[in-house]
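Peer 1:
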Amino acid sequence: MAQKFWLMKSEPDTYSIDHLKKDQTTWWEGVRNYQARNYMVKDMQVGDGVLFYHSNAQPPGVAGLAFVSHLAVADNSQFDKKSSVYDPKATKEKPNWFCTQVQFKAKFKNLISLNQIKVDERLKEMIVIKKGSRLSIQPVQKSDFDLICGLDETEKKKKG
DNA sequence: GCCAACGTTGGC
DNA sequence: GCCAACGTTGGC
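Heads up: the first sequence begins at 1253 in the numbering used here, then just goes up one per residue.
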């Protein structure tokens, strides 16, 4: 199956690209949105590219790169009564929520800010800039993924 | 902290 | 099945 590309949001106060760099891999637990869940369960494949996005950040934007390192499994946080994302309706036999594993690839030298994406005419199709878009896991076109990777390279060159 | 946009819940 | 009420997301 062809490699796909994703944007995955995380609040850096909770889990930033630096956390992922330290951990190297993490289970993407806590997603409680059906559309986002379905992308993980049905569409994500090992090796898919991930733009690691910092939401609720100053500024918000793409902080680095990761890739899918394991297919979706049951999200254990749904069974944890002490968790803020506990789901009383879920059972071990019939889990409601799933998560893929994500592995660190790179931290951008300079964060590609949401505003930078907004003003770039070439990136106008990206879901993340659509008004009211709250989807925490979104598909990304390969061309957009490559372009954003390239923007980081450009920054590196400018600095010499 | 504000609030617009969105998703979910539940009464009817 | 409709839709008002509510809770959450996330930029600003």
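Where is the CB? At the ideal position from N, CA and C, for every residue including glycine. Predicted, not measured: the structure shown is a model, and the values here were computed from it.
1. For His1322, which residues in the same chain have their Cβ closer than 7 Å to its Cβ, ignoring the five residues on either side in sequence?
2. In three-state DSSP terms, what is Tyr1305?
3. Sort Ala1309, His1306, Phe1350 by Cα distance to Val1283 and report the nearest one.
4. Is it right to say Ile1379 is buried, meaning 16 or more other beta carbons lie within 10 angstroms of its own, or is it exposed?
5. Rounded to the nearest angstrom, how far is the Cβ of Val1293 from that of Ala1324, given a contact under 8 Å?
6. Whole angstroms are fine: how far does the CA of Tyr1305 sit from the CA of Ser1262?
7. Assign Ser1329 to one of two classes, buried (16 or more other C-beta atoms within 10 Å of its C-beta) or exposed (fewer than that).
8. Going by DSSP in three states, Asn1362 sits in which element: helix, strand or coil?
9. Identify every run of the beta strand (DSSP E) within the region 1301 to 1351, keeping only runs that are complete inside it and at least 3 residues long; order them along the chain.
Peer 2: So, from the data block:
1. Val1298, Thr1352, Gln1353
2. strand
3. Relative to Val1283, the option among Ala1309, His1306, Phe1350 whose CA is nearest is Phe1350.
4. Exposed, by the Cβ-count rule.
5. Contact check for Val1293 and Ala1324: beta-carbon distance about 5 Å, within the 8 Å limit, so the pair qualifies.
6. If I take the Cα positions, the gap works out to 6 Å.
7. It counts as buried.
8. Residue state, collapsed to three classes: strand.
9. 1301 to 1306, 1313 to 1326, all fully within the region 1301 to 1351.
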